[in-house]
Every structure is written in C-alpha cells, then in structure tokens.
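Taken in sequence, the protein lines are chains A and B. According to the working numbering, the first sequence is numbered sequentially starting from 1. According to the working numbering, the second sequence is numbered sequentially starting from 681.
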Amino acid sequence: MLIGVDVGGTFTDLVLADAGGALHFTKAPSTPDDPSRGVVNALELMAVQRGEDLQTLLRQVSVFIHGTTVATNILVQRNGARLGLITTRGFRDLIELREGSRPNRYTLRTPAPEAIVARPLRLEVTERVGANGSVITPLDEAELAAAIAQFRAADVGGVVVCFLHAHKRPEHELAVRTAIERSGWRPFVSLSHEMLSREGEYDRLSTALVNAYVGPGLQAYLRHLFGQLNARGIQVPVFVMQSTGGVLPIEAAARRAVGAVTSGPAGGAMSGVLFAKALGIANLVTYDTGGTSTDVCLIQDGAPVEKSRTDLADLRIAAPAIEVNPIGIGGGSVAVVDSSGILAVGPRSAGAVPGPACFQKGGTQATLTDANLVLGLISPTTFLGGRMPLDVNGARAAIENDIAIPLGMSIEDAAWSVHVLATSGITEGIRLATVRRGQDPRDFVLMSFGGAGGLHANGVARELQIPKVVIPRMASVLSALGFLAADIRQDLQRTLDRPILATSHAELATIFAELEAEGRILLKETGVVADHIHVQRSMECRYARQNHGIPVPLGDNLYPVDIERRFTEAYRSLYQHAHEGEPGIIDACRISVFGALPKIDLPVQENGQPDPEPAFRGRRDIYIGRPIEADIYWFDDLRRGMRVSGPAIIESASTTVLVEPGSIAMMDRVGSLLLVAGES
Amino acid sequence: MKLSTGQKASALTLAVVRHKLKAVTEEMVETMTHTCFSPILNQNQDFSAVVLDANFLTVSQAERVPIHMGAMPLAVRMMAEAFAADLHEGDVLMANDPYWGGSHLPDVTLAMPFFADGQVHLWVALRAHQGDIGGMSAGGYSAAASEIWQEGLRIPPLKLVAEGRLREDILRLVAENSRKPGDLRGDLMAQLAAVRIGICRLHHLFVRYGSAEIGGCVNGILDGGEAVTRRMLAECCDGTHEGLSYMEFSGAPNGLLPIPVTVEIKDGHAIVDLTQCPDQVKAFINSPQANTRAAVMVAFLYFSGDEDGLNDGSARAIELRTRSGSLLDPVSPAPVGACTSSTACAVIEAVLQALEGADPSRAIGGFARRFRFALAGKDRAGTPFIWHYFFNKGGTGGNRGHDGWPNIGGLHNPGGTPSPSIERTENSYPLLVEEYALEADTGGVGCWRGGLGGKLVLRYQGDAPAILNAAGEGVSVRPFGTQDGAAGPGHDYYLADEVGSRKIGIHDSGVAVMPGARIICISAGGGGYGDPSQRDRASLERDIAYGYVSLQAARLSYAMEVKM
C-alpha cells in the first residue's frame, strides 16, 4: 500500500494506492501551527473511509511519501535559525554584495534585502586555498576555536562554512565540522562544498546558508511527524519529496533541507509524468493555477525539465530542481485599472486572507475568482465541495467598483474582461516557458490542474493552438498523486573544470564510478536493494567564454570525443546553433542515483456509453462575452467515453471546467477529461 | 504611414492587446537569448526589444538595458526615413551609426516594419550590444579615439533583408569588419530571427483584432503612458528647476565638464533644456542625441517609479532641447564610445537633481559611477590575457524611506550584469583576490544613508609586468547628497608594490603592474538623503553594531551621543 500526503496552505491532501492498484483520495484542513496534525487527521479520515482503524491502515503501508512546505515557509517568512557564518579572511560580506546584481532596474526606491545572516555573526578565519587546490595559508585553528566559541555564546542554531575553492580542496571546511564536533556542541552544520561541489563561491555560500537556515526547523518538524506516525503504527521509513521530483528519507532530507525548499510544485510535475505515461504523451506542458499564481512545468520525453539554480526570496539556491515558470495569475489575483487607465490582473494577490471579495473574509478588492463567480462559471454553492459558500453580491460590488465604473462598462463585461485577460496571462506565460527552452508550444499537450486552471483551459488551448488539454479528475490532489510516481534520488557532483578533450575515458569512468559508489552507499542507508538502483550520468559543460554551463546527458559512453559531440547537440537544441571547433569545458560531472520505489499505474476505466446524461445536473446562465445557457455536469459522475459539448460547465468539489461553445470534452481511459478546443 | 486613428478600442481589447504586445517583445528577447551566437551575449542579455507605432513611439518594450529603450525611436525613425519611398513588406533595416539615430557603434539595431493592407502600421526593433564592431581597440570602448572612425564600423541605415531576401553581401561586409566575424554574423542572424518572430506575432494579432482595433489600442496605450507622466508632473511644483552634474575630463580647464540642465514644469508638461552644456569634445564621451534622449527618459522613469506607463506616451509630455554641436548633441566626427555608460550617468544625475526641486519627496541620492580597468599581460604559461570584469560597483543613493544598496553601481544600468565569481577569476587569470568586502563609513551620511562602497584587493601573480588601463568616472565627482544629506566618497583606487603606493586615475593608461603588486579599489558609496541628525536611532545603532558606520563617524556625522 502506497500513501502520498501533500500539505498545502489550505488543505492536506492524501492519496492511497491499495494492493489492488485502486486509488483513494481524501483531504483534511491543514493545521499550520503543527502540520503533522493535519497529516494524522487526513490518515484518520482515510481509515474511516476504508472502514478500518488507523493502526491497521498504517501497518499495511509499504511506502509513505510526504511533501511539505515547512522549509519554503521558513525561508519566505524569514523565521529560520539564527545563523553563524565562517568564511575565508576578507570575504564575510559576499552574501550582502550579491554579485553586484539586483532584480529590478527601474524601481530604485526599495530597501536592500536583509542578509540571511547578521553581519556580527559573519566571522572570518585565516586560511586560503588557491585556484589549483593547493593550500596557500593553513587554517588557523585558534581563530576557528574562537569563532566557534563566539557562535556558541550567541546561541546560533546553524553554522555555515564557505571557504574559497573548497570544492577543489574541502579539508579546511571539513576541519571546521571536526572542531565543532570535538567541542561537544551540536548545531546544524552546512559546508559549502557538500551543498554544491562546483566553482562559484556565491552559489555555494547562498545555498549553504539557505540549507542551515531552514534545516533545523525542517528537521524538528520531520522528526516530530515521524514520532506521531510511528506511535500510530507505521513500520516503514517516511520519505520526503524533493525539488527534483525524487524523495529522500527523513534524516537525509533534513540534512539537505535545501532540497525541500523548492519542492512545492514537484508533485504536480510528477503527476504530469504519470499522466504522460498513461496516455502515451511524450511532451506535456502542465499549468497549475492556484490561489496566488500559476506554475508552468515542461515535460519532455516523459521527464520533467530541470534547472540547476533557483532564485527565491532574495537568495540563490543552486540545487537541481524541476523547472517551474511562475506566472502571477491565480484565483486571488487582484484586478485593477492601473495608473495608465488600463485593466491589469495580478501579480498582486489578495491571498487566502483577506482573499477575494466573495470569500467574505474582509477582502474588498476585485479578484479573478470574483470575476469567475460573477460570470456564473463558479457555482456559489459547490466551491470547495460546498464548504465555503460564496457571496455573489460581494463579488459583483467589487467588480463594479474596481472595474466596471472606472471603465464605463457593465458588471458582466467587466468580469469577462478580467477572465479573458487572465487567460491571456496564462497563455503568454506558457508560450515563453516553451520558447525559453527552444521549443514550440504547439508540440506539447496541455495539462491543466489546480482549482482555477480548468476555467481557462479552453481559452489557453485555443490561443496557443494546442489541440488537446488533459484535465485530471483528481485535480485537487494531483500533487499528492504525483508523489507516488517518485523514486528515491541522490544527486552528487564533482567539479572538474577542464576542456572536455583534455580528459580521458579512463579518468571520467573513474570519477563516475566513485560518484556512483558514493551514491549507492547513500541509497543503501535508505534500505534500497541494489538491483533496484539505476543511475543517470550527466555533465555541466560550457564554452570557455561562458559563465554558466548547460546540462549534457550522458550514457555509458564516456569517450571525450563523443562527449564533445553530445555537448554540441545539447547546445544546439537550446540555442539553434553551436560553435563547431570551439572547445567545450566540463564544469562538473553529475550523477543522479535512483532507488526504485513501487509505482502506481493510473487505473484504467471501463469503456461505456457516450451519453453524459448520468452526470447532468441542470442548466445555468453564464456570461462569456454574451449571456448563454450552459449545461452543468458533475465531474465525478462522468465515465470513460462520455462526451460533453460546449457550452457546458463541468464541476467537482475542487475544480470547475469551462467547455466553450464549439469545443468538446471527452472522458479518457484514466478518467481525466480530454478537452478539444474548437474555433471560437 | 499613419495609423487609422480616432477609433477607441474597447477596454477589454485594450488590456489584452497591451499584454500581448508586451509578450511580443518578451518573446523577441527570449528568441534572441536562445539563438544569439556569442556565448557572452546569451548569458548577459545585453539587448532590448520594442514595438513602435507608425510614428516611431515605443508602445511596448522588453528591456534588459534601460539606456537602450529611449534611444530606439529616433534610430528607427531615421532608418525608416532613409527608405521612405522604398520600404516594402519583408524588408529588415539595420543601422548603428550615431549620426543616423544610433547611440554607440557596438549597439546594432535591426528594425522591421509591419505591413497590413499595403501600409506600415507598426515596427518591431531589437538592439543588441555586439562584442566587436572593429575600430582601434577590441570590444569598442576606445578611450584614445578622437574621431568616430576609430571606434569601429559605421553602419548607416541599410537593408539587411530586402523583401524577404537576406543580403548576404551586406552581412559579409559587416561581419568581416569585426575581430569576431563568426560571432557578429551569428548574433545578427539571431536578431533577425527575433524581429521576424515579432512580426509573426503581430500578424496573428492583426488577424484576430483587425487593424482599426489594434490602432485604437496603440493609441490607448500611448495615451495611458502620457497620462501617467502628466499626472506625475502635475503633482510636481511648477517652475524652472535646475540641475548640474559634472563629467571628469582631463581636457577641461579644472578637469571637470559641467552638465547643466533646466527642467521647466508647467501644467503637466516638462521642457528639458540641455543646450547650455559644453561643446562636443575630441574624446569618446560625446552623447548623440538619441542616447541623450534615452538618458533623460530613464531619469524621468526613475523619478516617477511607475512602470505602468513604460512607453513613449510619456515622451509626449516631455520636450527635450539640445544644441547641435554640443557634448549632448554632437555632430560627426565626434567619438561617442562611452555615451551609454559615463555620459548617460551624468545626464541622468543632472536631470534627477533638477527634478528634485520639483518634488523633494521623490529625490534620490547619487549613485557610484562606473570606474573600471583592464589588466593585460601574460599568464604563467605565457598565454596573453585581458582581464576587464567589473567587481565592486559601489553604493546607490538613499531616498525617503530607504537606505541605498551596496555594490550596484551606475545609474545607466543599476545592478545589471552580475560580476563573475572570484573563483573563476583566480582560476582563469594570474590574479589572487585577497579581499572583497563592504567598507565602513562609505555610505553618504543622511537620514537615509547611501549604500556602502566596497573594498576589493587584487594581487597580480604573473611572472612579468602587466599593463593596466583605466576608464571611468566618479573619483573627483562624488555621488551627490540630497535634501541635506551628504555626498558619498568618490572612488579611491591605488596600486601598491614594493616601491610604494600610487593612486590610479580614471584616465591612466599603460600603467605597469609588477608581479606581486596589489591593486586596491575602494568604491564610492551612494549619496545620503535628508538631515543625518534625523536618522532613526535604532538604525544608527544597528549601523554601528554591523560595522557599517564607525563609532567616530556616528559621533561626528550623525551627532550621536555614544556611550562607550
């Protein structure tokens, strides 16, 4: 039995795959003060649903995968550990110097970001390693001892060490850990070379700082959670979702807390992988429209597109992560007539509190959700399964005051304008996400999820000229479902920094063999047996004149001439050309070691009759630039083969899909809706 | 070439079309990023894209470099006028000549008209900073140039593509005038791909909405931009406001060239008068009119801080006056290489100072200017190297409510290109970085203090002497203070070896750097805003605890009673 539990801002979602392969879902309200309570509550609900007690349920669990935003929230809310930083003498300010960059060029009146480690707790010690890895100045142990004593006196919770060229020669960084351990003190320690074994002191420093900042809080939470589950009978290790779409066991996840920071969208992308496989789709672009934003992920050849760094909350996280392209459009996006007199939607969001005007939680500004409610696209009575009745009059008043009156249009036209502009925002965001990868959106199938995604899917598909949209029925628990497609994954890398052709097959084979051995040992600690391990090798390569490398996937062939060719191919697919004859440089050798976990397959439904009559729930007046009457269907009652013709609304407790006139939606073999956009 | 005017677009179409036009420019920039050839260009993104209306007003832009934006309308206008009677669908025009609407020679602009029903309705253009366009020194910044011809290849408006057919002969001519012909050819082809994508997207928009509706939207967008600027100007005090900044120039009597400006604001309209600036000089700091215009527009944008009106509608509310033959509106053959950085900064500063008089609450203290140097020599293996990266950019100015930022640098592109890593520097060059840190007491004193300058110590480790060539500004002209705040200190660079230490001047060239010598750079801190005695005590105490302000300075400059 496999269980995936995703703790979101509002709900804790649970997906259970039983021994027969059937899927079961439930959700419980999240409990932000102690998220583990929400997890246990969801498990209890599931036990009730299955007619057994919690202990019996947990005893049958063979794989338990947990996704948490604890680490992300600590970073974004800036309530992490008090940090102490030790650097090479002369370099304590690198985090504040930010490589001389700032994100916005025009808005000069903003405060500089507060460094994540206070300057008085950034200490320098005498030591120096050169660019070739030689020790220029040995580590001054007395200074080190004094620094540790100072941190201890200041009661820091995390110690970060970043010495120059530590990726080439880590012994000074390691000596700091040894000294801390000898002192008998047990803070959370992050060494820059362990976070990232690669050139680039700012990336290593920032990543190690984030790790130590969120690590203690994540560790405490995960241990607490495991204690709760263990006390109720779970007998297997709990795995934690990582930003790569892989998982790690609790202790490893806490040590590498940075991997959980950007893990939020990974579950959704992994469920994209699941559907792509089940439906035989190679290239899929997923978009997840939630309350505040839309996350776009690309799946190419069945695997999510990754990136090697993420900039988040004024910091750099240089760890591999599924690439997420955020768009500032969500249900809570505020619609305004801006200072130039033109309508704009997002990126500002009313969030969950005060939220859209129709939530009746104090929000008065018009939002996308208010617009969709005014248009009749969202039902005021079935939103969140009817748990949150929506105030249509409040929504109308907000749209009227903020949009209709200033623009001199009817409330309905104002709401429709907000809806269409949001569709346009999602459309162009998806287009840019594909263009950025050297791809054409028309070569992808679209997958829409998240509560607000389905209302815009038809419009987005038509504008992008993408013929098909997949809208899964379990849209609201998709992230948790995606967890069940994950493997245990350890990523390791080693810096090389040499021209490709200056290496040899033997040398590279040795490096990869060592990395692989190291990765297998790490996996063994998680209890994975050897024949379920597989390995992916890659390199980060660049031209000599470039600052950053690109990933180059490798197979077993490690002959430099062939690697050079593969680099050229990878470069060409991104940039449409390559520099033939110009030598490529290997920045780092990378390996991902996967330990296979039992997987689910999406259950295939029986084919039935095409008439959707059993799911029909009546008719409703909606407004889509003109008043029209739409058929209403209940998503959960639609079965494989049923066809719905627009104008129609397909509703469930967690999502709503608009099928426009001329478009058709069909239920496919795995119970998702396949929307085919017609001409408008 | 007039757009059908008069029609007012619906509010919905206006909002969607504005968004789509923005997406068109973003897609052009992404296309450029993913097809441009020189590896530096695709990682630094030194290019910008615009959609212009038939009157050459920027309707939409994707800016990676602020100083590109305001300069493109004039460039495209002059390109179009050069082919007024001979412009056809499928033509792509190219130019870089400062005396044909360009800025400096490395910035090459490609522009393509969008035709519908046999008429030009819109233009798309993309400007990119090319790595090498010929001239007396590689990379284009020739401090020694006294005439434009020494700065590289001049490209007056020409057709790179005529009715869809690429002029291979032209491409060859331009490429062969570069030290990196392959890169230049590749980057021009990437620019071409980008403008073609732009035209293709415009085509979809016109098919969907029709030319009348799009015309109404374009007018609506420009009207909106104009309204933003007029409202901002209406909030300012009417009257004539003066600003004065300086450029450091050894040819001037006291080493300083004044840049005086008056901004006359009346009824939501501004007249910017730069006619009193000095005559053009035989040095590369002259700024062609298009670049001067861009700098003025950037200053107004900084001042307003409102990006909603980021288009040329705002230009309708701002009239610019320059004097032909002057530093800021030179005539050929004045060289112009440093106009997009050094001169642009001085113009932006002068305009900001003048605007400060119009609305003191929006005042911003001065920024560190750009002062960099190149080091050339041979590494230990005997391979020649040129190191010319820019670390330690200096602080930005304080403003009401905020201290300045450290390490951001010049107003022409604040916080633009990130510095490469120290490890890469040491790995690739015979240099050891001994220190890179914030420098105490460098932030201009004020109620809101300037951002701190930094300290960079480079030790040269080659076997034979290397040669240092400096270029830049901001040593004797300090980042100005505002509203009773104090100026930040200027840059202070010096060279220290066994013989002793000597200052590095902004125009020093051919300075021998001995093996083992140290180059020490203390960068300028930003100017302060407001009376320092009004600085919040908690902030000051934190400044002291963090070592941003020394105890001594706290007593002297902030009148703090410090308990020891």
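Note that beta-carbon positions come from the ideal geometry of N, C-alpha and C, so glycine has one too.
### Query
Using a Cβ cut-off of 7 angstroms, which residues of the segment 977-992 of chain B contact any Cβ in chain A, in chain order?
Leu981, Tyr982, Gly985, Asp986, Glu987, Asp988 and Gly989
### Proximity to Ile148 of chain A [Cα-Cα], best of A:Pro187, A:Glu127 and A:Asp637
A:Pro187
### Task
Starting from the N-terminal side, write out each stretch of the beta strand (DSSP E) that is 3 residues or longer and does not extend beyond the segment 967-1001 of chain B.
998-1001
### Task
Give the interface partners of Tyr1116 of chain B over in chain A, defined as CB-CB distance under 9 angstroms, in chain order.
Gly90, Phe91, Asp93, Leu94 and Leu97
### Query
Under the three-state reduction of DSSP, which class applies to Cys358 of chain A: helix, strand or coil?
helix
#### Entry: Reference Thr423 of chain A; option with closest CA among A:Ala278, A:Ile622, A:Tyr559 and A:Ala371
A:Ala371
### Task
List the residues of chain C whose Cβ lies closer than 8 angstroms to the Cβ of Asp497 of chain A, in chain order.
In the structure shown, chain C cannot be found, because the protein chains are A and B.
### Message
Assuming Gly905 of chain B and Ser994 of chain B are in contact, meaning their beta carbons sit under 8 angstroms apart, how far apart are those beta carbons, in whole angstroms?
### Response
5 angstroms
### Message
So the candidates are A:Ile426, A:Leu455, A:Met666 and A:Ile585; which of them puts its Cα closest to the Cα of Pro560 of chain A?
### Response
A:Ile585
### Task
Report the residues of the segment 180-207 of chain A with a CB closer than 7 angstroms to any CB of chain B, ordered along the chain.
Glu199, Gly200, Glu201 and Tyr202
### Task
Would you mind giving the Cβ-Cβ distance between Ile521 of chain A and Phe594 of chain A, rounded to the nearest angstrom? I have them listed as a contact below 8 angstroms.
Not quite, the Cβ-Cβ distance comes to about 15 angstroms (not below 8 angstroms), so this is no contact.
### Message
For Pro861 of chain B, would you say it is in contact with chain A, using Cβ-to-Cβ distances shorter than 8 angstroms as the test?
### Response
no
### Nearest candidate by alpha-carbon position, reference Ile965 of chain B, set B:Leu1000, B:Cys917, B:Gln1033 and B:Ser1021
B:Ser1021
### Task
Could you tell me the distance, in whole angstroms, from the CA atom of Gly227 of chain A to the CA atom of Gly1170 of chain B?
60 angstroms
### Task
Pull up the distance between the alpha-carbon of Arg911 of chain B and that of Gly948 of chain B, whole angstroms please.
6 angstroms
### Task
State yes or no: is the beta carbon of Met1244 of chain B nearer than 8 angstroms to at least one beta carbon in chain A?
Only weak support is given to the placement of Met1244 of chain B: the predicted model assigns it a pLDDT of 49, under 50, and the value that follows is read from those uncertain coordinates. With 8 angstroms as the cut-off, Met1244 of chain B does not count as an interface residue toward chain A.
### Query
Can you check whether the CB of Gly1077 of chain B is closer than 8 angstroms to the CB of Gly1045 of chain B?
yes
### Query
If we count Cβ pairs, one from each stretch, closer than 8 angstroms, do we get three or more for the segment 157-166 of chain A versus the segment 82-90 of chain A?
yes
### Task
Let me know the secondary structure DSSP gives Pro441 of chain A once reduced to three states.
helix
### Query
Can you give the Cα-Cα distance for Pro938 of chain B and Asp988 of chain B, rounded to whole angstroms?
33 angstroms
### Query
Near Ala47 of chain A, which residues of its chain fall below 7 angstroms by C-beta distance, leaving aside the five closest residues on each side in sequence?
Asp53, Leu54 and Leu57
### Task
Can you give me the Cβ contacts of Asp1172 of chain B inside the same chain, cut-off strictly under 7 angstroms, excluding the 5 residues immediately before and after it?
Ile1202
#### Entry: Closer than 8 angstroms at the beta carbon, the chain A residues around Asn934 of chain B
Near Asn934 of chain B there are no residues of chain A at all, since even the closest Cβ is about 30 angstroms away, more than 8 angstroms.
### Message
Beta carbons nearer than 7 angstroms to chain B: which residues of the segment 101-121 of chain A have them?
### Response
Ser101, Arg102, Arg105, Tyr106, Thr107, Leu108, Arg109, Thr110, Pro111, Ala112, Arg119 and Pro120
### Whole-Å CB distance - Leu885 of chain B paired with Ile894 of chain B, under 8 angstroms assumed
6 angstroms
### Task
In angstroms with no decimal places, state the Cα-to-Cα distance between Glu1114 of chain B and Leu248 of chain A.
39 angstroms
### Query
Is the beta carbon of Asp295 of chain A less than 8 angstroms from the beta carbon of Asp288 of chain A?
yes
### Query
Just how far apart, CA to CA, sit Ala486 of chain A and Asp636 of chain A?
26 angstroms
### Message
Applying the 10 Å Cβ sphere with the 16-neighbour rule, what's the burial state of Glu582 of chain A?
### Response
exposed
### Message
List, in chain order, every chain A residue whose beta-carbon is nearer than 8 angstroms to that of Arg1104 of chain B.
### Response
Glu199, Gly200 and Asn547
### Task
Please name the residue or residues paired with Met712 of chain B in a DSSP beta bridge.
According to DSSP, Met712 of chain B bridges with nothing at all.
### Query
What residue ranges within the segment 1025-1111 of chain B form continuous alpha helix (DSSP H) runs of no fewer than 4 residues, ordered along the chain?
1102-1108
### Query
Applying a beta-carbon distance threshold of less than 7 angstroms, which residues of chain A neighbour Trp1085 of chain B?
Arg102 and Ala112
### Range of the contiguous beta strand (DSSP E) that encloses Cys957 of chain B
Segment: none, Cys957 of chain B is in no beta strand (DSSP E) and carries neither H nor E.
### Query
What residue does the beta strand (DSSP E) around His24 of chain A start on, and which one ends it?
Leu23 to Pro29
### Query
First and last residue of the alpha helix (DSSP H) that includes Gln77 of chain A?
Val70 to Gln77
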